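Trainee: Taking mature numbering (1 follows the signal peptide of the UniProt record, and there is no 0), I'd label the letters of the sequence shown as residues -31 to -1, 1 to 691. Even glycine gets a Cβ: it sits at the ideal position worked out from N, Cα and C. Quick caveat, the model's predicted, so the values are computed rather than measured. One structure is given below, represented as structure tokens, and several questions about it will come after.
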Amino acid sequence: MNSTFIRRPVCPLASEFYLAAILCTPGLVLAKDNITSDVGDTASSHSESAYPAVDLPATSVVGTSISSYITPTSANTTRTDVPLKDYPASIQVVPNDLLKDRGVTRIDQVADTVSGVHAEANYGGNGATFFNIRGFSESNGLRDGFRNYGYYAFRDVQNIDQVEIFKGPAGALYGGIGAIGGYINTVSKRPEWNDFGEISGTAGRYDMARSTLDVNRVLSDDVSVRLNASAEQDATFRDETRDHSWSFAPAVTWDNHDGTSLTLLSEYNHLNRNGFDLGVPAAANYRDLSRTRYYGLTSKMYPGVDGDYGKNDTLSETLMFEHQLSDAWKLRLAGQYTYARQRSTQSFPGSTVPTGSLLDYSVYSDADESSRQFGTRAELVGDVFTGDVKHQLLIGADYSLQKLANSGSQVSTMTLDLSNPDYRSGLTPADPLIGHESQGKDYGLYIQDLIGLTPSLTLQVGLRADRFENRAKESGGETGKGEQSTLSPRLGVVWQATDSTSYFADWSLSHAPNVGHSGSNVTYEAEVAEQFEVGLKHELIKDRLDANLAVFNLDRNHILTTDPNNPLLQVLTGKQRSQGVELDITGNITPRWKTAASYTYTVPKVRSDSNYPTGDVLSGVPRHSASLWTAYQLEHVEGLQLGGGLYYVGSREATLPNTFKLSGYVRTDLMASYKIGSWTTQLNVFNLFDREYYTGGTAATFDYTLMPSPPRTLQLTETYRF
């Protein structure tokens, strides 16, 4: 579900919750280290043994486990247990081992190794989810399969177990949540059935200090609990900015181990930042501007006037129930409530074209923005046979409600000299802004059938019906509405040509609600995304190293654009198209040598629009990009692991309409870790050669600024497990 609404943020802050007292001791963790065989080996299991059982005394063995980057299924995203090689779609999974090896501490780092996905500058440094997938900006990610509205919802990465990326529109499963190019689903850590724990402390450049906690305890045969928490502070490389954050995520699972389970996931995240950092103005001479200067309102500029700031709070509660109805059928019920709020004062340029070196800035003071989201769903999953043909069925119904609000802001203006940080004009008197509210509802029914036509040929048929109801208000009066009913089909086929190679093709339609101003109470048709895709999935090394190749054509139609005859109204004329090729190679080359590599070719263009020239390329999207991350566990120095990554991003259009390009770059990262007993020391070096590069803002909203890259940064982490 998606509703059109003003784009400024909000955040409620209770008194500081001092987790830091618990977390800031670097180094203790509770994890039983498991010894595993070489990746790909599977221990034999027999219901009866040929030898009599013998009781032996308990023995403690300490060793170094060998991890893998392979994840064969993505049940949280596909909502099935079907192996990814048998599912007709491009889905990539980033496991926790890969996130740890790369030293990931921010949400914008999680998908660097995945083709077709690029992080965009988030909303004033608020740590929310802004990505570009297959050429389209996406701020509506998923958390445990439910919508995570990206503009205000800060979430620390500590509670992420893995990241699942579904490429292309998936309206047949998820309905109209506004994602065109794909979905990033972050999966929360959940209770497990063994006792373990982990405490870590991290120190880095710019006074960065971070502590994390992950503890799991089995309370009884039926109940297990888990707690994840974090605390962090840093000054950042940008002048006049400093952040501190904390998160707290308890979880509990009840499981009778006979087919019935209930899990509650809770999470609270807080981020407080001095400054609301949108980067540097998106001017053609951006490379001449200081990459460290804060271009905005600071507390030192005007006597008695506080500078930019941002405070974000995100609360989330998720409840999941499963019950095995029979050998063939399972019932799943789930619900999630998320409240995100951002309070801020923020300043940003009124244009991207300065007058000489002078540029006007708008200052929005005391903005209060919030989103409330509630979603629930019920699903039946099971197998049926029609003769010799097997059907793997998913039947479901869901409902989602989203409310957005913006109130309390005042706007004033100032002029900055981009070349002289000591110059500024007077700050004009503040004018109050009108408050805004919007509400969107989505009622959905869906069915998916994976049909095993032959042992090597599988057909996927999916269909979803949605009813969208959306409203927008200003000062209590309705300013926009939209009510649409849509059908979103999906067809796919997988041919298992050999034991190691499968070919797939899919076609899908997705819809998202449109809410705008027509001047005649017209209800707009929904926005439509249509994709054709073909691909190859191949096991380069059995059970160890996978390759995925995809070629796609993705059209976005019925985009609301400004009416050329009346700039206060909107019409449905916008059309965009993205075409591309993607390649991902993930897994283990040898049991000790892990890798994640990708290549992307993408061309997203405007096909029709009343505001942008036809043929212009969507901003922030490189035609060519690639990545290579690899890590090797030394055999003759037990416990030592060395790794590194190369990330190439080609030149990109900085703005839409196209005016100038951002230069391409190659970034180099390094990693070394050493494990001895329960202790692990890890060093990560980011941007080894100190390359200067820039990330564009979200193409749909924030392309008036550019975020400069951090300089070379070292990060040292000490972890203790027991």
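#1: Would you mind sorting Glu661 into buried or exposed? The rule is 16 or more other CB atoms within 10 Å of its CB.
#2: For the putative contact between Ser479 and Pro138, defined by C-beta atoms under 8 angstroms, what is the C-beta separation to the nearest angstrom?
#3: Below 7 angstroms, is the gap between the Cβ of Thr470 and the nearest heavy atom of the ligand PLP?
#4: Hey, how far is the Cα of Gly96 from the Cα of Thr74?
#5: Thinking C-alpha only, which one of Gly356, Gly421, Lys280 is nearest Asp55?
#6: Compare the beta carbon distance of Ser620 and Asn656 with 8 angstroms and say whether it is the shorter of the two.
#7: Assuming contact is defined by CB atoms lying nearer than 8 angstroms, are Asp475 and Glu502 in contact in what I supplied?
#8: I'd like to check one pair, Thr345 with Gly304: are the Cβ atoms closer than 8 angstroms?
#9: Within 10 angstroms of the Cβ of Phe354, are there 16 or more other Cβ atoms? Answer buried if so, exposed if not.
#10: When burial is assigned at 16 or more other CB atoms within 10 Å of the CB, is Trp598 buried or exposed?
#11: The alpha helix (DSSP H) spanning Thr47 covers which residue range?
#12: Where does the unbroken beta strand (DSSP E) through Leu68 begin, and where does it stop?
#13: Out of Ile558, Asp578, Asn522, Leu552, which has the shortest C-alpha to C-alpha gap to Tyr568?
#14: Taking the CB atoms as reference points, tell me whether Gly140 and Met676 lie closer together than 8 angstroms.
#15: In angstroms with no decimal places, state the Cα-to-Cα distance between Gly451 and Phe629.
#16: With DSSP run on the structure shown, which of helix, strand or coil describes residue 750?
#17: Taking Gly276 as the reference, which of Arg211, Asn254, Ser259, Tyr118 has the closest Cα?
#18: Out of Gly150, Arg124, Asp130, Gly144, state which residue places its alpha-carbon closest to the alpha-carbon of Lys136.
#19: With Arg242 as the anchor, note down where its beta strand (DSSP E) starts and where it stops.
#20: In its own chain, which residues sit with a C-beta less than 6 angstroms from the C-beta of His360, not counting the 5 before and 5 after it?
#21: Give a yes or no on whether the C-beta atoms belonging to Ser378 and Asp335 are separated by under 8 angstroms.
#22: Name the DSSP bridge partner or partners of Leu328?
#23: List the whole-angstrom C-beta distance separating Ser193 from Trp215, where the pair is believed to meet the contact cut-off of C-beta under 8 angstroms.
#24: What span of residues does the beta strand (DSSP E) with Ile102 cover, start to end?
#25: Check this for me: beta carbons of Thr686 and Gly72, under 8 angstroms apart or not?
#26: Quick one: residues in its chain with C-beta nearer than 6 angstroms to the C-beta of Ser169, no 5 flanking neighbours on either side, listed in chain order?
#27: Straight-line CA distance for Arg440 to Tyr493?
#28: Where DSSP assigns a beta bridge to Glu348, which residues make up the other side?
#29: Spatial neighbours of Ser259 within its chain, please: C-beta separation below 8 angstroms, excluding the five flanking residues on both sides.
#30: So, at 7 angstroms on beta carbons, what are the nonlocal neighbours of Tyr264 in its own chain, with the 5 sequence-adjacent residues on each side left out?
#31: Going by other Cβ atoms of all chains shown within 10 Å of its Cβ, with 16 needed for buried, is Asn580 buried or exposed?
#32: In three-state terms, what does DSSP make of Tyr255?
#33: Comparing alpha-carbon positions, which option in Phe217, Thr674, Thr232 lies nearest Asp224?
#34: Return helix, strand or coil for Ile149, following the three-state DSSP convention.
#35: Please classify Lys280 as buried or exposed, where buried requires at least 16 neighbouring CB atoms within 10 angstroms.
#36: Is Gly365 closer than 8 angstroms to Tyr308 when the C-beta atoms are compared?
Mentor: The short version:
#1: exposed
#2: 3 angstroms
#3: Of ligands this structure carries none, so the ligand PLP is not represented either.
#4: 10 angstroms
#5: Ranked by Cα distance from Asp55, the first of Gly356, Gly421, Lys280 is Gly421.
#6: no
#7: Against a cut-off of 8 angstroms, the Cβ pair of Glu502 and Asp475 comes out as a contact.
#8: yes
#9: exposed
#10: Buried.
#11: Going by DSSP, Thr47 is part of the alpha helix (DSSP H) stretching over 44 to 47.
#12: Careful: Leu68 lies outside any beta strand (DSSP E), inside the alpha helix (DSSP H) at 65 to 70.
#13: Leu552
#14: Result no, Cβ atoms of Gly140 and Met676 do not sit closer than 8 angstroms.
#15: 36 angstroms
#16: Given that the chain is displayed from residue -31 to residue 691, the structure contains no residue 750 and the question cannot be resolved.
#17: The residue with the shortest Cα to Cα distance from Gly276 is Arg211.
#18: Gly150
#19: Element bounds for Arg242: 229 to 243.
#20: Val353, Asp418, Ile420
#21: yes
#22: Leu385
#23: Actually they do not touch by this definition, with Cβ atoms about 24 angstroms apart.
#24: 100 to 102
#25: yes
#26: Within the same chain, and ignoring the five residues on either side of Ser169 in sequence, the residues whose Cβ sits closer than 6 angstroms to its Cβ are Thr181, Thr686, Thr688.
#27: 12 angstroms
#28: Looking at the DSSP assignment, Glu348 forms a beta bridge with Arg301, Gly365.
#29: These residues qualify, in order along the chain: Val249, Pro390.
#30: Val249, Pro250, Leu385
#31: Burial check for Asn580: the Cβ neighbour count within 10 Å stays below 16, so the residue is exposed.
#32: The answer is helix: DSSP assigns Tyr255 an H, G or I state.
#33: Thr232
#34: coil
#35: Counting Cβ neighbours within 10 Å, Lys280 comes out buried, since at least 16 surround it.
#36: no
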